[in-house]
Amino acid sequence: MKVSATILAAGQSSRMENRNKLLLPINEVPMISHVCNTVLTAGLDPVVVVTGCDSELVTQAIPKAINEIIYNSHWQSGMASSIYSGISALPKNIDGNMIILGDMPMLSKNTLGLLID
């Protein structure tokens with residue numbers, strides 16, 4: 000079964016004042032990098048990351064192995080617009096897609112595997 004991933008990384012982190020939580024370091028690595036690397040090691044393919052707020056900074060923190068980075072120009076409209084942007088970028092030959100939030104650094108490869116099964 001071919002399962003893809005859409006990682007949502009477009010939000011404003013409004014409760015964090017002037018900081019984007021996706022860029023906060025965890026063991027000196029940005030949070031979004033942790034999430035992307037976990038998804039990549041779980042075997043999800045392709046992996047699309049949707050950016051919005053602070054797109055340039057977030058994009059710099061995304062691992063090169065990510066298949067595609069999409070900028071959602073309507074990110075302020077909410078999560079649904081980012082989901083739509085990400086899913087629209089996926090190929091037609093996938094069996095399923097996992098929507099993954101970019102601010103879930105404790106997500107594990109094992110958990111993703113259980114969800115896929």
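61 is the number that numbering that gives the first Met the number 0 gives to position 62 of the sequence shown; each next residue is one higher, with no gaps.
Here a beta-carbon is modelled for each residue, glycine too, at the ideal position from N, C-alpha and C.
Bear in mind the structure is a predicted one, so any value in this text is a computation, not a measurement.
With respect to the 7 Å criterion, G101 and I25 are not classified as neighbours on the basis of their beta carbons.
Beta-bridge partners assigned by DSSP to P29: P24.
The Cβ-Cβ distance between P29 and A60 falls below 7 Å.
Within the segment 36-107, complete beta strand (DSSP E) segments of at least 3 residues are found at 46-50, 67-70 and 95-100, given in chain order.
The beta carbon of G51 sits closer than 6 Å to the beta carbons of A9, N71 and W74 from its chain, once the five residues preceding and following it are set aside; these are given in chain order. Of all alpha-carbon atoms in D53, I86 and N17, the one lying nearest the alpha-carbon of I31 is that of D53.
Taking 7 Å as the cut-off, the beta carbon of S3 is found no closer than this to the beta carbon of V49.
Contact annotation: A79 and V47 have beta-carbon atoms that are not nearer than 7 Å.
Around the CB of S81, 16 or more other CB atoms lie within 10 Å, so the residue is classed as buried.
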